[in-house]
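A.B. asks:
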């Protein structure tokens, strides 16, 4: 009985710390995502190459590919992410993995044509020894009214 009570006391004392730490991590991931959108808009290939895990995957309306091709496309302006207007963001933490969902309106230049589309963007980050790395980025185009 004493062990159970002691265990409950420890759990109650550490829960606020754990919750505060989780909230802090969620904010860190949200800021990292915001920085990523800015770096994409500014074609900051070196910063993105550092953020993207070497095994990262990127899923777009036109196909999927890895880190090297994504960075090359951004550097060359093949896709120029001019502005990502973020309407809603959420983060779920599972151990050393963070799943961020962004509901955005993306204005981009693709093949010389400016396009604006509503997307739900899934970003998966993994915690590594040298910090958080983006492991997956997937765009899902939203159809219909009320996309924001």
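In full-length UniProt numbering, the protein residues as written are 1 to 148.
Glycine included, each C-beta is placed from N, C-alpha and C at the ideal position.
Quick one: grab the DSSP three-state call for residue 49.
C.D. replies: Reduced to three states, the DSSP call for residue 49 is helix.
A.B. asks: Take residue 66 as the anchor and find which of 77, 123, 53 has the nearest alpha-carbon.
C.D. replies: It is 53.
A.B. asks: When we look at the beta-carbon of residue 133 and count the other beta-carbons within 10 Å, is it buried (16 or more) or exposed?
C.D. replies: Counting Cβ neighbours within 10 Å, residue 133 comes out buried, since at least 16 surround it.
A.B. asks: By Cβ distance below 6 Å, which residues in the same chain neighbour residue 103 in space, the five residues on each side in sequence not counted?
C.D. replies: Hits under 6 Å: 87, 88, 120.
A.B. asks: Could you tell me how far apart the beta carbons of residue 116 and residue 106 are, in whole angstroms, since I believe they sit closer than 8 Å?
C.D. replies: With 8 Å as the limit, residue 116 and residue 106 qualify as a contact, their Cβ atoms being about 7 Å apart.
A.B. asks: Where does residue 129 land, buried or exposed, given buried means 16+ other C-beta within 10 angstroms?
C.D. replies: Under this definition residue 129 is an exposed residue.
A.B. asks: Buried or exposed, going by whether 16 or more other CB atoms sit within 10 Å of the CB of residue 33?
C.D. replies: Buried, by the Cβ-count rule.
A.B. asks: Mind listing, in chain order, the continuous beta strand (DSSP E) runs of no fewer than 3 residues lying wholly within the region 103-143?
C.D. replies: Listed in chain order, the complete beta strand (DSSP E) runs (minimum 3 residues) inside the region 103-143 are 113-128, 131-141.
A.B. asks: Buried or exposed: which applies to residue 79, given that a residue is buried once 16 or more other Cβ atoms fall within 10 Å of its Cβ?
C.D. replies: When all chains shown are included, residue 79 counts as buried.
A.B. asks: Compare the Cα-Cα distances from residue 84 to each of 118, 75, 131 and report the closest residue.
C.D. replies: Measuring from the Cα of residue 84, the nearest candidate turns out to be 118.
A.B. asks: Kindly indicate which three-state DSSP category residue 20 falls into: helix, strand or coil?
C.D. replies: Note: residue 20 maps to helix in three-state DSSP.
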